[in-house]
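Undergrad: For our numbering, count along the sequence shown from 1 and bump the result up by 285. We treat Cβ as the ideally placed atom computed from N, Cα and C, and that holds for glycine. Please find one structure pasted underneath; my questions will follow.
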Amino acid sequence: MKGIVFGGALSILLSFILTPAFIRVLSRRGVGQMIRDDGPKSHHVKRGTPTMGGIVLILSTFAAYFGSHLITGVGVTASALLVMGLIIGLGLIGFLDDWLKISRKQSLGLTAKQKLLGQSIVAAAFAYTGLGFQDETGLAPISQYFSGVRDTSIKLGIGLVIVWVIFLVLGSSNGVNLTDGLDGLASGAAIMTFLSFIVIGVWEFGQSCAIADVAQCYNVRDPLDIAVLSAALAGSCAGFLWWNASPAKIFMGDVGSLALGGAISGIAIVLRVQGLLAALGGLFVLITLSVIIQTGYFKLSGGKRVFKMAPLQHHFELIGWGEVTIVIRFWILAGMSVAAGLGLFYGQWVVSQ
Numbered sequence: 286m287k288g289i290v291f292g293g294a295l296s297i298l299l300s301f302i303l304t305p306a307f308i309r310v311l312s313r314r315g316v317g318q319m320i321r322d323d324g325p326k327s328h329h330v331k332r333g334t335p336t337m338g339g340i341v342l343i344l345s346t347f348a349a350y351f352g353s354h355l356i357t358g359v360g361v362t363a364s365a366l367l368v369m370g371l372i373i374g375l376g377l378i379g380f381l382d383d384w385l386k387i388s389r390k391q392s393l394g395l396t397a398k399q400k401l402l403g404q405s406i407v408a409a410a411f412a413y414t415g416l417g418f419q420d421e422t423g424l425a426p427i428s429q430y431f432s433g434v435r436d437t438s439i440k441l442g443i444g445l446v447i448v449w450v451i452f453l454v455l456g457s458s459n460g461v462n463l464t465d466g467l468d469g470l471a472s473g474a475a476i477m478t479f480l481s482f483i484v485i486g487v488w489e490f491g492q493s494c495a496i497a498d499v500a501q502c503y504n505v506r507d508p509l510d511i512a513v514l515s516a517a518l519a520g521s522c523a524g525f526l527w528w529n530a531s532p533a534k535i536f537m538g539d540v541g542s543l544a545l546g547g548a549i550s551g552i553a554i555v556l557r558v559q560g561l562l563a564a565l566g567g568l569f570v571l572i573t574l575s576v577i578i579q580t581g582y583f584k585l586s587g588g589k590r591v592f593k594m595a596p597l598q599h600h601f602e603l604i605g606w607g608e609v610t611i612v613i614r615f616w617i618l619a620g621m622s623v624a625a626g627l628g629l630f631y632g633q634w635v636v637s638q
């Protein structure tokens, strides 16, 4: 449990201190955000704001995670290292996308097909690797069984698991990417999701089949260490949010949003709560659905729109809501969704006893 406290505290401190230093470096080098010309006009004042702050998020998280283990003397686990590998892989794709936008001085980086292909390759590698590395009890970081709020009896097999993981990672990473359109929106919502993973990881550890003689115990590898990693991620987002809140001094960029989205799906997969992703990441799902609905209806109706603009947060901007108002209200929605997800998780355990 100490590792969770140390991981969270170190990551907040590191992110809070390193972010302004990173802002100064980016400002001197002229690394600024490019703004879409077809977006809300109010965003044009943000042009040139330092971006790629996700680098600080990733570095702070990893430094805090390993620092926590050095302090406590506890070894790192395969599950956490796999999720960190997923974060690095998706972060590199996001970095390339950001760099192309900056070097070309326009809001277009990688094409959609290039980005999806890269994400799929990283996700497939994560899934295939995670099916190995079994511990002495035969548990691997990633299960071959479909999981809702826990593993079910539905065995997918290696091939279907890889396809399913790719779908989850693509949905989650792009969902956070779409949400990252207003100051502090994505980072604040991500904090709530990572905090919920701490609760789930600690609970699964306490009710683990390895240490607890209870009905419906959890066969999950390394849940407590995943809670440590989740604490480090939540802390990094909190320290970064201080500088990312409106008016933002820095943006996380695709390097941050893709990495955070990958972390959310990766943690849900190794904790065996894949079915809860829709609730624990409810805001990201809602915003992604708004884009799907807008695009689908536009094509089917011959050019008509459901929303004034997608993603959803920009629709509310265009009808007159202030940016801070939208962010706070969307945070409330995210918190309610996370609470519902935790309620489903606990409710399943109570019913099973």
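Could you say which of 439, 484 and 547 lies nearest to residue 631 if we only look at CA atoms?
TA: To locate residue 631, count along the sequence shown from 1; it is residue 346. Out of 439, 484 and 547, 484 has the C-alpha closest to the C-alpha of residue 631.
Undergrad: Check this for me: beta carbons of residue 623 and residue 514, under 9 Å apart or not?
TA: The count along the sequence shown starts at 1 and reaches residue 623 at position 338. The count along the sequence shown starts at 1 and reaches residue 514 at position 229. No. Outside cutoff.
Undergrad: To the nearest angstrom, how far is the alpha carbon of residue 341 from that of residue 636?
TA: Here residue 341 refers to the residue found at position 56 when the sequence shown is read from its first residue. Here residue 636 refers to the residue found at position 351 when the sequence shown is read from its first residue. Residue 341 and residue 636: Cα-Cα distance of roughly 42 Å.
Undergrad: Please return the same chain residues whose Cβ sits closer than 7 Å to the Cβ of residue 304, not counting the five positions on each side in sequence.
TA: In the sequence shown, residue 304 corresponds to position 19, counting from 1. 338, 341, 524, 525, 528 and 535, listed in sequence order.
Undergrad: Is residue 431 helix, strand or coil by DSSP?
TA: Position 146 of the sequence shown, counted from the start, is the residue given in the question as residue 431. Reduced to three states, the DSSP call for residue 431 is strand.
Undergrad: If I measure Cβ to Cβ from residue 589 and keep anything under 8 Å in the same chain, skipping five residues before and after, which residues do I get?
TA: Taking the sequence shown and counting its residues from 1, one reaches residue 589 at position 304. If we look at residue 589 and ignore the five residues flanking it on each side, its Cβ neighbours are 582 and 583.
Undergrad: Under the assumption that residue 346 contacts residue 517 (Cβ atoms under 8 Å), give the Cβ distance between them as a whole number of angstroms.
TA: Position 61 of the sequence shown holds residue 346. Position 232 of the sequence shown holds residue 517. Rounded, the Cβ-Cβ distance is 5 Å, consistent with contact.
Undergrad: Thinking residue 463 and residue 573 are a contact (beta carbons under 8 Å), I'd like their distance in whole angstroms, please.
TA: The residue you call residue 463 lines up with position 178 of the sequence shown. The residue you call residue 573 lines up with position 288 of the sequence shown. Contact flag correct, Cβ pair sits at about 6 Å.
Undergrad: On the premise that residue 426 lies in contact with residue 506, defined as a C-beta separation below 8 Å, what is that separation, rounded to the nearest angstrom?
TA: Your numbering for residue 506 matches position 221 in the sequence shown. Your numbering for residue 426 matches position 141 in the sequence shown. Residue 506 to residue 426, Cβ: 5 Å. Contact.
Undergrad: Along the alpha helix (DSSP H) that carries residue 400, what are the first and last residues, could you check?
TA: If you number the sequence shown from 1, residue 400 lands on position 115. Here the alpha helix (DSSP H) through residue 400 covers 397–415.
Undergrad: Answer with buried or exposed for residue 435, where buried requires no fewer than 16 other C-beta atoms within 10 angstroms of its C-beta.
TA: For the purposes of this step, residue 435 is identified with residue 150 of the sequence shown, where counting begins at 1. Burial call: buried.
Undergrad: Does DSSP classify residue 586 as helix, strand or coil?
TA: Numbered from its first residue, the sequence shown carries residue 586 at position 301. The answer is coil: DSSP assigns residue 586 none of H, G, I, E or B.
Undergrad: Three Cβ pairs or more, each shorter than 8 Å: is that satisfied between the stretch 536–546 and the stretch 352–370?
TA: Counting Cβ pairs under 8 Å, fewer than three are found: no touch.
Undergrad: Which one of 361, 619, 334 and 356 has the shortest CA to CA distance from residue 479?
TA: Taking the first residue of the sequence shown as position 1, residue 479 is located at position 194. Per the Cα distances, 619.
Undergrad: Assuming residue 438 is part of the beta strand (DSSP E), what are its boundary residues?
TA: The residue labelled residue 438 in the question sits at position 153 within the sequence shown. First-last of the beta strand (DSSP E) with residue 438: 436–440.
Undergrad: Count the other CB atoms, across all protein chains shown, that sit within 10 Å of the CB of residue 452; report buried if there are 16 or more and exposed otherwise.
TA: One-based indexing of the sequence shown puts residue 452 at position 167. It counts as exposed.
Undergrad: How long is the line joining the alpha carbons of residue 555 and residue 587, rounded to whole angstroms?
TA: Against the sequence shown, residue 555 aligns to sequence position 270. Against the sequence shown, residue 587 aligns to sequence position 302. Taking the straight line joining both Cα atoms gives about 43 Å.
Undergrad: Once you ignore the five residues that flank residue 563 on each side, which residues in its own chain have a CB closer than 7 Å to its CB?
TA: Here the question's residue 563 lines up with position 278 in the sequence shown. Excluding sequence neighbours, residue 563 sits near 570.
Undergrad: How about residue 447 and residue 409: are their beta carbons less than 9 Å apart?
TA: The residue given as residue 447 occupies position 162 in the sequence shown. The residue given as residue 409 occupies position 124 in the sequence shown. Cβ atoms of residue 447 and residue 409: closer than 9 Å.
Undergrad: Taking 9 Å as the threshold (C-beta atoms), are residue 540 and residue 382 in contact?
TA: As a working note, residue 382 is residue 97 in the sequence shown. As a working note, residue 540 is residue 255 in the sequence shown. Against a cut-off of 9 Å, the Cβ pair of residue 540 and residue 382 comes out as a contact.
Undergrad: List the whole-angstrom C-beta distance separating residue 450 from residue 411, where the pair is believed to meet the contact cut-off of C-beta under 8 Å.
TA: Looking up residue 450 in the sequence shown gives position 165. Looking up residue 411 in the sequence shown gives position 126. Yes, they are in contact, since the Cβ atoms of residue 450 and residue 411 sit about 7 Å apart, within 8 Å.
Undergrad: Provide the residue span of the alpha helix (DSSP H) that contains residue 594, from first to last.
TA: Within the sequence shown, residue 594 is the residue found at index 309, counting from 1. Looking at the DSSP string, residue 594 is not in any alpha helix (DSSP H), and its letter there is neither H nor E.
Undergrad: Runs of 4 residues minimum, wholly inside the stretch 488–527: which ones carry the alpha helix (DSSP H) assignment?
TA: Correct list: empty.
Undergrad: If you draw a straight line from the alpha carbon of residue 403 to that of residue 384, how long is it in whole angstroms?
TA: Residue 403 sits at position 118 when you count from the first residue of the sequence shown. Residue 384 sits at position 99 when you count from the first residue of the sequence shown. In a straight line, the C-alpha of residue 403 is about 16 Å away from that of residue 384.
Undergrad: Classify residue 305 as helix, strand or coil using the three-state DSSP reduction.
TA: Position 20 of the sequence shown holds residue 305. Residue state, collapsed to three classes: helix.
Undergrad: Just the C-alpha distance for residue 465 and residue 289, rounded to the nearest angstrom, thanks.
TA: Sequence index remark: in the sequence shown, residue 465 carries index 180 (1-based). Sequence index remark: in the sequence shown, residue 289 carries index 4 (1-based). The straight-line gap from Cα to Cα measures roughly 27 Å.
Undergrad: Between which two residues does the alpha helix (DSSP H) carrying residue 266 extend?
TA: For residue 266 there is no data in the structure shown, the boundaries of the chain being 286 and 638.
Undergrad: How far does the alpha helix (DSSP H) with residue 346 in it extend, from its first residue to its last?
TA: In the sequence shown, residue 346 corresponds to position 61, counting from 1. Segment 339–357, the alpha helix (DSSP H) holding residue 346.
Undergrad: Who are the near neighbours of residue 344 in its chain, counting only those whose CB is closer than 8 Å to its CB and skipping five residues on each side?
TA: In the sequence shown, counting from the first residue as 1, residue 344 sits at position 59. Cβ within range, chain order: 299 and 303.
Undergrad: Is it buried or exposed for residue 286, if we count other Cβ within 10 angstroms and need 16 for buried?
TA: Along the sequence shown, read from residue 1 onward, the residue named residue 286 stands at position 1. Exposed, since its Cβ has fewer than 16 Cβ neighbours within 10 Å.
Undergrad: In angstroms, rounded to a whole number, what distance separates the CA positions of residue 542 and residue 461?
TA: Locating residue 542 in the sequence shown gives position 257, where the first residue counts as 1. Locating residue 461 in the sequence shown gives position 176, where the first residue counts as 1. If you take the alpha carbons of residue 542 and residue 461, they lie about 6 Å apart.
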